[in-house]
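Engineer:
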């Protein structure tokens, strides 16, 4: 029963039409700071890097780091 871990960084933006847009980045850099995340997210907005459904991103709404550990559970033993 091996455990696997994953790390995702999800950044939430507000689009020009008021809807939410999110980007999930797998395996984010170990030790990344909140300031680095804020600066990177703001750069995405400032550069107009994404136009989801034709709408620009107008502001960074938030971000979350998710660390997950998955462990298999043996239900039946192999015969």
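In the working numbering, the protein residues as written are 439 to 517. Beta carbons are placed, not taken as given, at the ideal position from N, Cα and C, and that holds for glycine. None of these values were measured; they are calculated from a predicted model.
1) At what residues does the beta strand (DSSP E) containing residue 499 begin and finish?
2) The beta strand (DSSP E) that contains residue 463, what's its start and end?
3) For the alpha helix (DSSP H) holding residue 467, just list the boundary residues, first then last.
4) Looking only at its own chain, which residues have a Cβ that is under 6 angstroms from the Cβ of residue 505, when we skip the five neighbours before and after it?
5) On the DSSP bridge assignment, give the partners of residue 441 in chain order.
6) What did DSSP end up calling residue 446 once you bin it into helix, strand or coil?
7) Looking at the unbroken alpha helix (DSSP H) that takes in residue 479, where does it start and where does it end?
Structural biologist: Based on what the coordinates show:
1) Segment 495 to 509, the beta strand (DSSP E) holding residue 499.
2) Looking at the DSSP string, the run of the beta strand (DSSP E) that includes residue 463 is 458 to 464.
3) Bounds of any alpha helix (DSSP H) do not take in residue 467, whose DSSP letter is neither H nor E.
4) Taking C-beta separations shorter than 6 angstroms and ignoring five residues to either side along the sequence, the partners of residue 505 in its chain run 445, following chain order.
5) Answer is 509, bridged to residue 441.
6) In the three-state reduction of the DSSP assignment, residue 446 falls in the strand class, which pools E and B.
7) 472 to 485 is the span of the alpha helix (DSSP H), which, as asked, contains residue 479.
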